[in-house]
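**Q** I have a structure here, written as structure tokens, and I will follow up with some questions on it.
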Amino acid sequence: MLYIKCPHCGWRSQNEFSYGGDATVKRPELGKDISDQDWNNFVYNRKSLRGRHWELWQHLSGCRQWIKVERDTATHEIFNTLKATEEIS
Amino acid sequence: MKSISALKNVHQKGHFGDFQDKNKKDLLKIYEIKNLLIVQIAQYKNSNISLNNIAIDNLNLKDETSNVTCNTDTRILWNGPKNWLLVSSKLDLLENIVNAFPSSDFAVTDLSHSRAIIEIEGKEALEVLKKGCPFNFNLLKKNNSINSIYNGIAFTVDLINTNPDKLRLFTLRSFGESLHHSITDASLEFGFESI
């Protein structure tokens, strides 16, 4: 069973979590002119990386908070977790 | 509606499973609990109000993982950061709660009608939970609560007492019959008394 360390609740089964996408995607700044291509990249285009990758997960059946998880997409090994408000260093 | 049974169609009184030749006092006991006040209290993210100055039934809210503050009537369960579930047998407490938590900083929601509550008591109570829930119950101490899943059903566990273990399980009212079925099914091995 895969366990994820929720920064709020501690070690919990992956069954309690729900995957929420790429955590490195930044929303274009408000009030700036954004090209269609930039919007397209923000909304739709994602890389399918192999290896270490920061992802968003939600502790859906626990504290219901969004968190950031550094996971290896090939081995499923989890290296680090952060609160959603914490910056990736 | 909170006094109307959520488990009316499934909760039957009697002895079930492998109860024969066992001491009736040591059997697992399963109850349905109803007529409780259940209130969700959520503090807004941008609120900086101190929790120390707010008390409900002489209990403070504590933003600590798994913490339950309690007295004989009322229990305040930590549900998540800045989020609590207040459970009380004092049904008239709602007005005090609404007055104590300013609407500019807190969202107070009465969930009394929307939960099914099962209480399970006995020395095998944790073994029953381990059968369907992935949480490491060695970490759960008296007056701790967690949110987790049991056979895929989202539920809240509140460890009220130990020796013997007494746990209160909350789930959405519409999931109540499924959870009851799962819990009683897992209890058959030990034998149980449904009260």
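Chains as they are written, first to last, in our numbering: chain A, 1 to 89; chain B, 1 to 195.
Glycine included, C-beta positions come from ideal geometry on N, C-alpha and C.
1. Ser148 of chain B: which of B:Asn163, B:Lys130, B:Lys142 sits nearest, CA to CA?
2. Considering only the beta carbon of each residue, do Trp57 of chain A and Tyr19 of chain A sit closer than 7 angstroms?
3. Can you check DSSP and say which residues form a bridge with Tyr150 of chain B?
4. Between Asn147 of chain B and chain A, is there a C-beta pair that is closer than 7 angstroms?
5. Could you tell me how far apart the beta carbons of Leu93 of chain B and Ile56 of chain B are, in whole angstroms, since I believe they sit closer than 8 angstroms?
6. Specify whether the region 34-42 of chain B and the region 98-114 of chain B touch according to this definition: at least 3 beta carbon pairs, one from each stretch, less than 8 angstroms apart.
7. Assign Ser89 of chain A to buried or exposed, taking buried as 16 or more other Cβ atoms, counted over all protein chains shown, within 10 Å of its Cβ.
8. Would you call the region 37-45 of chain A in contact with the region 98-107 of chain B, where contact means no fewer than 3 C-beta pairs closer than 8 angstroms?
9. Using the beta-carbon of each residue, which ones in chain B are nearer than 9 angstroms to Glu16 of chain A?
10. For Asp105 of chain B, which option in B:Ile49, B:Gly176, B:Leu172 has the closest C-alpha, if you only look at C-alpha atoms?
11. Going straight from the alpha carbon of Asn80 of chain A to that of Lys32 of chain A, what length do you get?
12. Here's the rule I'm using: 16 or more other beta-carbon atoms within 10 Å means buried, otherwise exposed. How should His113 of chain B be labelled?
13. Between which two residues does the beta strand (DSSP E) carrying Ser13 of chain A extend?
14. Report the CB separation of His60 of chain B from Thr69 of chain B in whole angstroms; it is logged as a contact under 8 angstroms.
15. Taking the C-alpha atoms as reference points, what is the distance between Phe19 of chain B and Ala6 of chain B?
16. At the level of alpha carbons, what is the spacing between Arg50 of chain A and Lys24 of chain B?
**A** Considering the structure as presented:
1. Closest by C-alpha distance to Ser148 of chain B, out of B:Asn163, B:Lys130, B:Lys142, is B:Lys130.
2. In contact: Trp57 of chain A and Tyr19 of chain A (Cβ atoms closer than 7 angstroms).
3. Answer by DSSP bridge pairing, in chain order: B:Ile153.
4. Yes, because at least one Cβ of chain A sits closer than 7 angstroms to the Cβ of Asn147 of chain B.
5. Sure, about 7 angstroms apart at Cβ, within 8 angstroms.
6. As far as the Cβ criterion goes, the region 34-42 of chain B touches the region 98-114 of chain B, which means the pair count is three or higher.
7. With fewer than 16 neighbouring CB atoms inside 10 Å of its own CB, Ser89 of chain A falls in the exposed class.
8. No, they do not touch.
9. In chain order, Pro134, Phe135, Asn147, Ser148, Ile149, Ala154 make up the part of chain B whose C-beta sits under 9 angstroms from the C-beta of Glu16 of chain A.
10. With respect to the C-alpha of Asp105 of chain B, the residue from B:Ile49, B:Gly176, B:Leu172 having the closest C-alpha is B:Ile49.
11. Taking the straight line joining both Cα atoms gives about 33 angstroms.
12. Under this definition His113 of chain B is an exposed residue.
13. Segment 10-13, the beta strand (DSSP E) holding Ser13 of chain A.
14. Strictly speaking, residue 60 of chain B in this sequence is Asn, with His absent from that position. About 6 angstroms separates the beta carbon of Asn60 of chain B from that of Thr69 of chain B, a gap short enough to meet the 8 angstroms contact definition.
15. Cα to Cα, Phe19 of chain B sits roughly 26 angstroms from Ala6 of chain B.
16. If you take the alpha carbons of Arg50 of chain A and Lys24 of chain B, they lie about 58 angstroms apart.
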